[in-house]
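Written below as structure tokens is the structure these notes are about.
There are 2 protein chains.
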Amino acid sequence: MIPRVKRIASSDPCCLPPPRGRPLRAPARRRLVAALKALADPTRLEIFRAVALRPEPVCVCEITARFRVSQPTISYHLKVLRRAGLVTVSRRGVWAYYAPGPGGLASLRALLDEAPKEASGPAP
Amino acid sequence: MIPRVKRIASSDPCCLPPPRGRPLRAPARRRLVAALKALADPTRLEIFRAVALRPEPVCVCEITARFRVSQPTISYHLKVLRRAGLVTVSRRGVWAYYAPGPGGLASLRALLDEAPKEASGPAP
DNA sequence: CGAGGGGATAGAGGAATGTCTATATTTTGC
DNA sequence: GCAAAATATAGACATTCCTCTATCCCCTCG
């Protein structure tokens, strides 16, 4: 906590510079956390990459064929990605096709853009 | 909206184009998932931003003052961020200072760079 | 219509996660 | 040396998450 009693090192306060980063607003934070959470699973990350790295929508049957988890598990992961706005689904007859979605990655880019490119200067 | 989906006749295979995205290697995927998981929590995300948006290292006492969770919880979150390589710690006397770390964000940038730009645009 | 198949949903179980209180560790002032 | 203060660690506990099997829904074809 900010030292209110100068008990230790009175000439050496722990934190001089005032806070600079402001917290995100609740909706923006929710969206960003949802996108991060959706990608923070090995299987889901690979599913997302399989969808995002393709110009054409990807058939679910292809995804289920490429991973070792069961078909309902794939379906569950696709739902998570869908609710995060990272992918969208369209149906063609019996099959379902997934394509990159509109949401999520933009806020991720914003997060990276506000952070410095590399570790900043050393401690004084 | 979705560009040229293949005509799917009933007896046609569901997916004609061959897979193009190859999975990440295990170490790269592990690092990336660790960074994503570390940021995929509202409290931790704000802690990271508080650290990353500052040129100078941030004192833990300031972080604990700014959040509503208990001090051990802050300490736990800082440990998660540390293990993901997102922040580093340096001690000065009794106090601990956190600064942006070398790892994690780079792989995140790589993930975004390999994804097509239109996949990340916000809904207009 | 009925059969068959792709995909989504339901429910269950075990592992991982986030939070707390209590305690340990380390450093400084007296 | 001793007490106090800043962080870290240790358990404990509730919640969320990931996976599975079983089942349902809907579409197409014979």
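Which chain is which? The protein sequence lines are U and D, in order. At the far end of the first sequence sits residue 124, using this note's numbering, and the numbering has no gaps. At the far end of the second sequence sits residue 1124, using this note's numbering, and the numbering has no gaps. Beta carbons are placed, not taken as given, at the ideal position from N, Cα and C, and that holds for glycine.
Rounded separation between residue i and residue j - CA only
i	j	result
D:PRO1072	U:PRO23	21 angstroms
D:CYS1059	D:GLU1046	15 angstroms
D:ALA1065	U:PRO42	34 angstroms
D:ARG1025	U:SER90	30 angstroms
D:ALA1040	D:LEU1105	13 angstroms
D:ALA1035	D:ILE1063	20 angstroms
U:ALA52	U:ASP113	21 angstroms
D:HIS1077	U:ARG54	36 angstroms
D:PHE1067	U:ARG30	17 angstroms
U:SER70	U:ARG83	20 angstroms
Among the options, nearest to residue i - alpha-carbon criterion
i	options	result
U:VAL80	U:ASP113, U:ALA110, U:CYS59 and U:TYR98	U:TYR98
Beta-carbon contacts of residue i that lie in its chain and below 7 angstroms, excluding the five residues immediately before and after
i	result
D:ARG1049	none
D:GLY1101	GLY1085, LEU1086, VAL1087 and THR1088
Interface flag, residue i vs chain D, CB-CB below 7 angstroms
i	result
U:PRO42	yes
U:ARG68	no
U:VAL33	yes
U:PRO23	yes
Extent of the continuous alpha helix (DSSP H) to which residue i belongs
i	result
U:PRO27	26-39
D:SER1107	1105-1114
heavy atom of the ligand FMN below 6 angstroms from residue i C-beta
i	result
D:ALA1040	Only the bare structure without any ligand can be found here, which leaves the ligand FMN out of the picture.
Residues of its chain near residue i, where Cβ-Cβ distance is below 6 angstroms and the 5 sequence neighbours each way are ignored
i	result
U:LEU32	SER107
Neighbourhood of residue i by C-beta, 8 angstroms cutoff - its chain only, sequence neighbours within 5 removed
i	result
U:ARG92	none
U:VAL94	none
U:CYS61	TRP95
Chain U within 7 angstroms of residue i, Cβ atoms only
i	result
D:ARG1109	yes
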